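As structure tokens, the structure follows; a few thoughts come after it.
There are 2 protein chains.
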Amino acid sequence: MNIREIAKKADVSIATVSRVLNSSENVSSATREKVLEILRKYEFEMDPWAKRLASKRNKTHLFIMVSRRILKFLDLESNEFYSTVINGTRNTADMNRSVTEIVEMESNLDEEKLKGVDGVLLVGGDTTAEHVRFFKKIGMPLVLVDQYIPTVKVDCIVSNGYDGASYAVKYLISRGLKKIVHIHGFLNHFGFKDRYDGYKATMEQNNLLPKTYEYNDEVMEDMKPLIDKMFNVYGVPEAIFASNDLIAMKAIETLRSFHIRVPEDISVIGFDGIEKGKYFTPPLSTLKVPMREMGSLALKRLLDIVYDQDVYPVRISLFTEFIKRGSSV
Amino acid sequence: MNIREIAKKADVSIATVSRVLNSSENVSSATREKVLEILRKYEFEMDPWAKRLASKRNKTHLFIMVSRRILKFLDLESNEFYSTVINGTRNTADMNRSVTEIVEMESNLDEEKLKGVDGVLLVGGDTTAEHVRFFKKIGMPLVLVDQYIPTVKVDCIVSNGYDGASYAVKYLISRGLKKIVHIHGFLNHFGFKDRYDGYKATMEQNNLLPKTYEYNDEVMEDMKPLIDKMFNVYGVPEAIFASNDLIAMKAIETLRSFHIRVPEDISVIGFDGIEKGKYFTPPLSTLKVPMREMGSLALKRLLDIVYDQDVYPVRISLFTEFIKRGSSV
DNA sequence: TTGTAGGCGTTATCAG
DNA sequence: CTGATAACGCCTACAA
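For the protein sequence lines, the chains are A and B, in the order given. Everything in the first sequence is counted per the working numbering, starting at 1 for the first residue and increasing by one. Everything in the second sequence is counted per the working numbering, starting at 330 for the first residue and increasing by one.
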């Protein structure tokens, strides 16, 4: 059943059917009703591929929204993770006749600014339920990138931090290490929370005591007090698993000031797999998140939502890959 | 950059470019090389939507593979969950010029039987890493339905049991109940394991003691001994959260034989949201899994893998929805 | 072995 | 307000 058949049955042209389908204005209500009835009767569902192929004539207009904090880092090109993710989306956008615009995620969102925007990507762990509710209310197609909010049913793309962390812990245990601590960022960022949960659960499954330390990675604060406290209360660990590569590298630097050798005294494993880690001394062991794929997938999913009908919201998790380098045994 | 432009640059027809792209035999190696070079030079990427639209002329041939156990239940139409999921996939297949065939998942898989098959859906919690490895080895596009295996990177569609379970527990707690036990099926089925983890974590977060009982739902064994043991050792709980609706209903029936009233004495919440639960006495509170969407999404994802290039494997989780009915306060 | 041409189902332009 | 028709990018008989 395609619109040609529908047109025949409704005794109108396919152009008219298309207009009804796209709720264009220029259709008399009589004609519209007639077509709608046939549509319902035959339970017509449009072919999304044909729709998009045909739609290629005009560009899809998408917003990539990021918090001021991340945006600042993006400009400085010092946030390799989000830079790479966003490169992935822009690249995919180019191949899909979509034009993207990077926009700051303000606290007071304005419906006016979204005129002509077909869909929105909300990038980063800063995204809150309130942000999501705003876009849902105005019916704007929406995908969260690197953030998941259990209480709001909205599409999102995240990395599988739970299993990645679990893998890291199991790996360290298999190398004979038992005193493994976790240094993590703020847990309202789902990525960090997920890795935290994976670390904790896996430690417990192996009858080891989880020990976690929160570190403010947003300002990259001095880590000496944290390490100091760790050494004094918990003792010197055999391994540190960090929320991400930047925290891991900060930890290694700090340990160095304590005259601790990595990996001889302490193994360190990060998360994300940014390039910088490869050239760090020692090269950083890490769990690699496919950043470009994350961005690319987010964009594709957003287009699915923009063009298809009745897309059920899902959470998409990307597998991570352990990369053994010099910072761990 | 489309194949027409490539054809022009390579000084061949678009048909020839298409043949090269689809590694058809009927191209001289000289021509093929020439085309491949241009393809590489311009980093050509095919438009998947156009490809699929055009491909609609011939049908995609897909296998839906299920274990003998599930297949048996399917025939008896007593396994509403998988029946509905598979209906969802077949429905979506119809709308996508795909022909599906339900095939029993044998232990000794045969490559011969897969001749002419474009992709495979592996349905059910019985799927093992070995199964997956077999298909990956022969390069067969593959999607797991209702099963996730952390150790193998393969596409899969599951329900978000963790958050569903978590929601159920929090709900019961909010109703003033504290003695909440969990009756679950075998934990090698990811769906059950996920719900189990969600139950356990949420209980602990609320400083409540998790208490779990394993029940063999595959043979629907007598539940009296289990309940008996529960009452004797743990005492009478205030609520039971079950791995799925069938287990929940079995529990309610068994409780009845103990002269326990539901929900007055014990609240019971299931999982899945099968129709049967709606007409049960008392009507079953449950977490509804969008079963048709699960099947539909699995098929769409499989087609993505069959037709697109370089698809990075992902896990897709479907949100669940709490449905309050008579079996719980 | 290669090219020509007619779809695939929808959108959008341009007449009427 | 409605209809004809040329795209969109690719595939594949069928012809050469």
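Glycine included, each C-beta is placed from N, C-alpha and C at the ideal position. Values in this document were obtained by computation on a predicted structure and should not be read as measured data.
Name, please, each residue of chain B whose Cβ falls closer than 7 Å to the Cβ of residue i.
| i | result |
| --- | --- |
| Lys59 of chain A | Correct list: empty, because the minimum Cβ distance to chain B is about 15 Å. |
Consider the Cβ of residue i: report whether some Cβ of chain A lies at a distance smaller than 8 Å.
| i | result |
| --- | --- |
| Ile645 of chain B | yes |
| Leu626 of chain B | yes |
May I ask you to list the residues that DSSP assigns as paired with residue i?
| i | result |
| --- | --- |
| Val428 of chain B | B:His390 |
| Gly119 of chain A | A:Leu62 |
| Val643 of chain B | A:Leu318 |
| Lys211 of chain A | A:Val181 |
| Thr286 of chain A | A:Gly270, A:Ile323 |
| Ala239 of chain A | A:Ile180, A:Ser267 |
| Glu104 of chain A | A:Val66 |
| Val145 of chain A | A:Val123, A:Ile157 |
Under 8 Å Cβ-Cβ, which residues of chain A neighbour residue i?
| i | result |
| --- | --- |
| Glu622 of chain B | Tyr312 |
Can you confirm whether residue i, when its beta carbon is compared against all beta carbons of chain B, has any partner nearer than 8 Å?
| i | result |
| --- | --- |
| Asn160 of chain A | yes |
For a contact defined as C-beta to C-beta under 7 Å, what are the partners of residue i on chain A?
| i | result |
| --- | --- |
| Lys482 of chain B | Phe319 |
| Val479 of chain B | Note that residue 479 of chain B corresponds to Pro in the displayed sequence, not to Val. Correct list: Asp163. |
Please find out if some non-hydrogen atom of the ligand HEM comes closer than 7 Å to the beta-carbon of residue i.
| i | result |
| --- | --- |
| Gly116 of chain A | As for the ligand HEM, it is missing from this structure, which has no ligand bound. |
Checklist entry - Mind listing which residues of the region 369 to 382 of chain B have their C-beta closer than 7 Å to chain A's C-betas, in chain order? => result Against chain A - using a Cβ distance shorter than 7 Å - the residues of the region 369 to 382 of chain B are Glu374, Trp378, Ala379, Arg381, Leu382.
Next on the checklist: If the cut-off is 8 Å on Cβ atoms, which residues from the region 263 to 294 of chain A count as contacting chain B, listed in chain order?
Outcome noted: Cβ contacts with chain B: Pro290, Glu293.
Checklist entry - Closer than 9 Å, Cβ to any Cβ of chain B: which residues of the region 84 to 111 of chain A, in chain order? => result Answer in chain order: Met95, Asn96.
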